[in-house]
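Protein chains in written order, with our numbering: chain E, 250 to 417; chain R, 250 to 417.
Number of protein chains: 2
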Amino acid sequence: MLIGMSLRIALLGLLRAKGPASGYDLAKKFEHSIDHVWQAGHTQIYPELVKMAADGLVTVEAEGARGRKIYEITPEGQRVLREWLLGHEPSMTVRSETALQTFLMPLLDRDDAIAVVERIRDRFERRRAELDCESTTGFGRYALKLGLAQVTATVQWADEVLADLRRD
Amino acid sequence: MLIGMSLRIALLGLLRAKGPASGYDLAKKFEHSIDHVWQAGHTQIYPELVKMAADGLVTVEAEGARGRKIYEITPEGQRVLREWLLGHEPSMTVRSETALQTFLMPLLDRDDAIAVVERIRDRFERRRAELDCESTTGFGRYALKLGLAQVTATVQWADEVLADLRRD
DNA sequence: GGGATCATGTAACGAGTTACATGATTTG
DNA sequence: CAAATCATGTAACTCGTTACATGATCCC
Chain E
250 MLIGMSLRIA LLGLLRAKGP ASGYDLAKKF EHSIDHVWQA GHTQIYPELV
300 KMAADGLVTV EAEGARGRKI YEITPEGQRV LREWLLGHEP SMTVRSETAL
350 QTFLMPLLDR DDAIAVVERI RDRFERRRAE LDCESTTGFG RYALKLGLAQ
400 VTATVQWADE VLADLRRD
Chain R
250 MLIGMSLRIA LLGLLRAKGP ASGYDLAKKF EHSIDHVWQA GHTQIYPELV
300 KMAADGLVTV EAEGARGRKI YEITPEGQRV LREWLLGHEP SMTVRSETAL
350 QTFLMPLLDR DDAIAVVERI RDRFERRRAE LDCESTTGFG RYALKLGLAQ
400 VTATVQWADE VLADLRRD
């Protein structure tokens, strides 16, 4: 219960922010609201909720139709969540396939390198447009702004590199 | 051999860029040159090199002192590397603990939120300073510039959020 | 009744981390 | 000769993905 808590924290945070929910509901929320920050499918969420209930972080508040189980965050869960938000030093480990492509770019000749950077630029520009459409007032507004800032920085980087490569 | 090739690609790229090397050498290079793009320890690298040799992507060019095995990239390895660089669509899945903290920030009261953002700002400012010291002319210069752009964007985001939170 | 969606799970696998284990060579 | 570093590996574990499996309920 000491490391790799991130999925738990994401689940606790969603339960705290949006109230009691089933595993199914939480999986939907992962697809939508928290998507650009953390991903998890139902096959990961269901067993994790069972373990979290065993650890006293959530309880089954009610059982609804079709075997639907509604989970609620406990006071202990709220304590753990708050502690993580205030005290956890996020790991700085990065594993980005895009960054790996950019790292290895000097192995390519000029035209191939330009093609690779153009593809990256297009991808991130599309992503920027997607994020730009989302509500800037909701619960996740700070994370959304951060995502936008990082995506925009990547597009600008691509523009600079393209200008640089084409200058030769 | 179709998915999750990233570690292989990183190893092939390092062998292509810097010439033949042992698993130990490659582990050192992961600690230094490619560190801010991809991480891997020796316990992951040694078995992977064995599998890559079995798949014909690398060969043991020579065996040196102390059981040191020097690996070299094969023509097939170069083909696979080039194909990945030109054709692979990087996955957009993000799993950032920092972004998770920012997403859940609205759960905190004003003072706690400020403390969290200040910690994030400090961390990324330190990271920015580190990257700023690195050579801007070496092999990884494009990836370095990208890392700097993203880190700088994060510091700017933190400054804006802090100004916003303190205005209340 | 049949298809869409709701709702929950298990099993097998791959990727990555931590801890453990061993021995050779260099340097003080 | 002792400590540091070079150099390779295995084992156990966690995290995350993909594929498989099942049944209930709603709506046409």
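The beta-carbon is built from N, C-alpha and C at its ideal position, and this holds for glycine as well.
Over what stretch of residues does the beta strand (DSSP E) that includes residue i continue unbroken?
i	result
Glu280 (chain E)	Per DSSP, Glu280 (chain E) belongs to no beta strand (DSSP E); it is in the alpha helix (DSSP H), Gly272 to Glu280.
Can you pull the DSSP bridge partners for residue i?
i	result
Val307 (chain R)	R:Ile322
Please report the distance separating the alpha-carbon of residue i from that of residue j.
i	j	result
Asp304 (chain E)	Glu325 (chain E)	9 Å
Tyr391 (chain R)	Thr403 (chain E)	11 Å
Leu263 (chain R)	Glu312 (chain R)	19 Å
Gly272 (chain R)	Leu380 (chain R)	26 Å
Pro269 (chain R)	Met254 (chain R)	20 Å
Phe279 (chain E)	Gly396 (chain R)	27 Å
Gln293 (chain R)	Glu383 (chain R)	27 Å
Gln405 (chain E)	Phe373 (chain E)	10 Å
Thr308 (chain R)	Ile319 (chain R)	8 Å
Trp287 (chain R)	Pro339 (chain E)	17 Å
Arg416 (chain R)	Val410 (chain R)	10 Å
Asp408 (chain R)	Thr351 (chain R)	13 Å
Tyr295 (chain E)	Leu393 (chain E)	27 Å
Leu260 (chain E)	Leu275 (chain E)	7 Å
Met341 (chain E)	Met354 (chain E)	23 Å
Asp413 (chain E)	Arg331 (chain R)	22 Å
Val299 (chain R)	Glu346 (chain R)	33 Å
Thr401 (chain E)	Asp371 (chain R)	22 Å
Lys267 (chain E)	Asp284 (chain E)	15 Å
Val365 (chain E)	Glu310 (chain R)	31 Å
Asp361 (chain R)	Arg368 (chain R)	11 Å
Arg363 (chain R)	Arg344 (chain R)	In the sequence on display, residue 363 (chain R) carries Ile and not Arg. Approximately 23 Å, taken between the alpha carbons.
Ala289 (chain E)	Arg257 (chain E)	11 Å
Gln399 (chain R)	Leu356 (chain E)	23 Å
Glu297 (chain R)	Arg265 (chain E)	42 Å
Lys277 (chain R)	Gly389 (chain E)	39 Å
Thr386 (chain R)	His281 (chain R)	16 Å
Gly428 (chain R)	Arg376 (chain E)	Nothing about residue 428 (chain R) can be reported from this structure: the residues present for chain R run from 250 to 417 only.
Arg328 (chain E)	Ile322 (chain E)	10 Å
Ile252 (chain E)	Arg359 (chain E)	44 Å
Met301 (chain E)	Arg315 (chain E)	22 Å
Tell me the DSSP secondary structure of residue i in three-state form.
i	result
Glu312 (chain R)	strand
His337 (chain E)	coil
Leu357 (chain E)	coil
Ile294 (chain R)	helix
Ser255 (chain R)	helix
Gln327 (chain E)	helix
Ala289 (chain E)	coil
Asp371 (chain R)	helix
Glu379 (chain R)	helix
Val343 (chain E)	coil
Arg265 (chain E)	helix
Ile363 (chain R)	helix
Return the first residue and the last residue of the alpha helix (DSSP H) that residue i is part of.
i	result
Phe352 (chain R)	Glu346 to Leu353
Trp406 (chain R)	Arg390 to Arg416
Taking 7 Å as the cut-off, does the CB of residue i come closer than this to any heavy atom belonging to the ligand NAD?
i	result
Glu332 (chain R)	Within the structure as shown, the ligand NAD is missing, as the structure has no ligands at all.
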